[in-house]
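K.L.:
Residue numbers (the UniProt record's numbering): 1 to 530. This structure is in structure tokens; I'll ask about it shortly.
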Ligand code: GDP
């Protein structure tokens, strides 16, 4: 990648990223400050509704109905200095991790937010592992430094040990809790002082000529200054210096310390994302690598949201542009169906409002309203046949059978279930024996959300019931071996919404038995969507 020509300026200035965090670490607050400094909102507090709503189940359902909020927050674009930031939201609840995984296929960087008092938490670790699978560069923000936090070295050690990644301090906190004054910017030799009086104001930033600059003593009490000098000396000895190449390959993360609620450290973080990148990355397709600078437009669907507008029953497919310069009205090839598709009203998500996108570049996320043609994993191109890879579908961890409590509506239920399966909201399996459907999800809350959506959006009352099965595996292998397995195990076999064969299991033993008896067959817990 080192000897590629520079990207066209419009592409090079794009930064497409997601925020990963354990609930409560400050993702919503940080998002809000990003938007504030990006000029996308006038006042902090506007995305608050979302953060609060996520907390309880009933509020969550309401949120799902109120598609306006969750949609505009799915992907947000804003400018910061010379950069165009595309922030793609990851669903906060752990039950929606599959959605999160897919979201991470559409970004080039992740910002990992950790709480300075709590360090690396369970959800942080899980999300981090997904980033690692994709070698995604990670920028770390250690939040809530205005409260009692852990010792700075301890926090850094914990990240290094827990996540097995080198951590390079980009800033160093001065004091903590009530005595937190700000940070020393190690990359630019600047002193950043926090303004506690005005939470939306950006910190005062003073240019300092190294740690011996007498100006430091004018702003910091002697004890804190002595401690800062000592700690930074130690840090420079013990911790690796920031190395951009290692950051880009995903083996080193720069860490900024701050307090999102006080707007402190956020701008430095944004500067860091802008300055160190990465720029829109090449995307992998089964056929070849797709370079962002290629002239023809290509992109892939990583998320579908249905019924955002109850009056129109439309869906929006979120597309990550992999290459080219997209202009509104373009006719693109929908690779899966081989049909042309005129993209006449794509949307860009500018904070609170959806806006018609007149143009977009590689790296951007656009929303394409459609009536169900676009599915997760689908490719759009100017004619080339491409299948983007790496968009996973995971075996569900919970299975239930579903039926309509109104027998007259059983037919419609199939249609509704298929729509949700295409949207990626659930896995739907049609067993080869018997009637009805089995629905698979990753987290139990999804059953409730589905039941509520099926009722609200399709007017079908449904009941989920326990199923004898606990897990599902996609069956792969030579055709006759698969057929043999299918014929001898009908009670375990079902078909998913794409028509692929799925083996439903009760026990790990079922899987072991198949692997023993059908050595040519592979049972897979994931399937590529392409
Ligand atoms: P999320 O669940 O990760 O989206 O977290 P939120 O942004 O909703 O924040 C969780 C709680 O932490 C809220 O009560 C915030 O007001 C609070 N919070 C966020 N950032 C800071 C910070 O820098 N300092 C302090 N003291 N509290 C913060």
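Each residue gets a CB set at the ideal place from its N, CA and C atoms; glycine is no exception.
Where do the ends of the beta strand (DSSP E) carrying residue 470 lie?
P.N.:
From DSSP, residue 470 is part of no beta strand (DSSP E); its letter is neither H nor E.
K.L.:
How would you label residue 385, buried or exposed, when you count the other beta carbons within 10 angstroms and need 16 or more for buried?
P.N.:
Answer is exposed; the Cβ neighbour count stays below 16.
K.L.:
Mind checking residue 391: buried by the 16 CB within 10 Å criterion, or exposed?
P.N.:
Its Cβ being crowded by 16 or more others within 10 Å, residue 391 is buried.
K.L.:
Could you name the residues of the same chain whose beta carbon sits closer than 8 angstroms to that of residue 406, not counting the 5 residues immediately before and after it, in chain order?
P.N.:
Counting only Cβ-Cβ distances below 8 angstroms, and skipping sequence neighbours, we find 460, 461.
K.L.:
To which residues does DSSP link residue 359 through a beta bridge?
P.N.:
Beta-bridge pairing links residue 359 to 327.
K.L.:
Under the three-state reduction of DSSP, which class applies to residue 184: helix, strand or coil?
P.N.:
Three-state DSSP puts residue 184 in a strand.
K.L.:
Answer yes or no: do residue 193 and residue 204 have a C-beta to C-beta separation smaller than 8 angstroms?
P.N.:
Yes, the pair counts as a contact, with Cβ atoms nearer than the cut-off.
K.L.:
Could you tell me the distance, in whole angstroms, from the CA atom of residue 146 to the CA atom of residue 318?
P.N.:
Approximately 37 angstroms between the Cα atoms of the pair.
K.L.:
The ligand GDP and residue 74: does any heavy atom of the ligand fall closer than 7 angstroms to the residue's C-beta?
P.N.:
No, the beta carbon of residue 74 sits no closer than 7 angstroms to any heavy atom of the ligand GDP.
K.L.:
For the ligand GDP, is there a heavy atom less than 7 angstroms away from the beta-carbon of residue 196?
P.N.:
Checking every heavy atom of the ligand GDP against the Cβ of residue 196, none is found closer than 7 angstroms.
K.L.:
Using only the alpha-carbon positions, how far apart do residue 296 and residue 361 sit?
P.N.:
C-alpha separation (whole angstroms): 11 angstroms.
K.L.:
I'd like the span of the alpha helix (DSSP H) that includes residue 226, first residue to last.
P.N.:
Segment 222-238, the alpha helix (DSSP H) holding residue 226.
K.L.:
I need the straight-line Cα distance from residue 423 to residue 497, nearest angstrom please.
P.N.:
Taking the straight line joining both Cα atoms gives about 11 angstroms.
K.L.:
Taking a contact to mean a Cβ-Cβ separation below 8 angstroms, would you say residue 231 touches residue 140 in this structure?
P.N.:
Not a contact, by the Cβ cut-off of 8 angstroms.
K.L.:
How about residue 11 and residue 293: are their beta carbons less than 8 angstroms apart?
P.N.:
Cβ atoms of residue 11 and residue 293: closer than 8 angstroms.
K.L.:
Relative to the C-alpha of residue 144, which residue among 184, 261, 472, 274 is closest?
P.N.:
When only C-alpha atoms are compared, the closest one is 261.
K.L.:
Once the 5 residues before and after residue 383 are set aside, which same chain residues still bring their CB inside 6 angstroms of it?
P.N.:
Excluding residues within five positions, the ones whose Cβ falls inside 6 angstroms are 333.
K.L.:
Within 10 Å of its beta-carbon, does residue 417 have 16 or more other beta-carbons around it, so buried, or fewer, so exposed?
P.N.:
Classification for residue 417: buried.
K.L.:
Is any heavy atom of the ligand GDP found at a distance shorter than 7 angstroms from the C-beta of residue 125?
P.N.:
No, since every heavy atom of the ligand GDP falls outside the 7 angstroms radius drawn around the Cβ of residue 125.
K.L.:
Which residues in the same chain as residue 327 place their Cβ atom closer than 8 angstroms to its Cβ, once the five residues preceding and following it in sequence are excluded?
P.N.:
Once the five neighbours on either side are set aside, the close Cβ partners of residue 327 are 358, 359.
K.L.:
Let me check you understand the geometry: is the CB of residue 26 closer than 7 angstroms to at least one non-hydrogen atom of the ligand GDP?
P.N.:
The answer is yes for residue 26.
K.L.:
Measure the alpha-carbon distance for residue 163 versus residue 114 and round it to whole angstroms.
P.N.:
So the alpha carbons of these two residues sit roughly 13 angstroms apart.
K.L.:
Please confirm if the stretch 99-107 is in contact with the stretch 265-278, defined as three or more CB-CB distances below 8 angstroms between the two stretches.
P.N.:
Because the criterion of three Cβ pairs below 8 angstroms is not met, the stretch 99-107 and the stretch 265-278 do not touch.
K.L.:
Bridge partners for residue 34 per DSSP, in chain order?
P.N.:
According to DSSP, residue 34 bridges with nothing at all.
K.L.:
Quick one: what's residue 337 bridged to in DSSP?
P.N.:
DSSP lists no partner for residue 337.
K.L.:
Just tell me which of 234, 343, 466, 306 has its CA closest to the CA of residue 330.
P.N.:
When each option's Cα is compared against that of residue 330, the closest is 343.
K.L.:
Looking only at its chain, what residues have a beta carbon closer than 8 angstroms to the beta carbon of residue 172, apart from the 5 residues adjacent to it on each side?
P.N.:
Cβ neighbours of residue 172 beyond the five flanking positions: 152, 183, 184, 186, 228, 231, 232, 235, 257.
K.L.:
Hey, is residue 261 close to the ligand GDP, as in C-beta under 7 angstroms from one of its heavy atoms?
P.N.:
Within the cutoff, so yes.
K.L.:
At which residues does the beta strand (DSSP E) containing residue 15 begin and terminate?
P.N.:
First-last of the beta strand (DSSP E) with residue 15: 14-21.
K.L.:
Please tell me whether residue 484 and residue 433 are closer than 8 angstroms, where the distance is taken between their beta carbons.
P.N.:
Contact: no.
K.L.:
In chain order, what residues of the same chain lie with their CB nearer than 6 angstroms to the CB of residue 269, ignoring the 5 residues before and after it?
P.N.:
If we look at residue 269 and ignore the five residues flanking it on each side, its Cβ neighbours are 141, 256.
K.L.:
Near residue 518, what residues of its chain come up, given a Cβ to Cβ distance below 8 angstroms and the 5 sequence neighbours on each side ignored?
P.N.:
Correct list, in chain order: 477, 481, 484, 485.
K.L.:
Could you check whether the Cβ of residue 21 sits closer than 7 angstroms to any heavy atom belonging to the ligand GDP?
P.N.:
For the ligand GDP, at least one heavy atom lies less than 7 angstroms from the Cβ of residue 21.
K.L.:
Less than 8 angstroms between the CB atoms is what I'm expecting for residue 301 and residue 377, so what's the real figure, rounded?
P.N.:
So it is a contact: roughly 6 angstroms between Cβ atoms.
K.L.:
Within a Cβ cutoff of 7 angstroms, which residues of the same chain sit near residue 155, ignoring the five residues on either side of it in sequence?
P.N.:
Cβ within range, chain order: 116, 119, 142.
K.L.:
With hydrogens ignored, establish whether the beta-carbon of residue 29 is closer than 7 angstroms to any heavy atom of the ligand ATP.
P.N.:
Looking at this structure, you won't find the ligand ATP anywhere; what it does contain is the ligand GDP.
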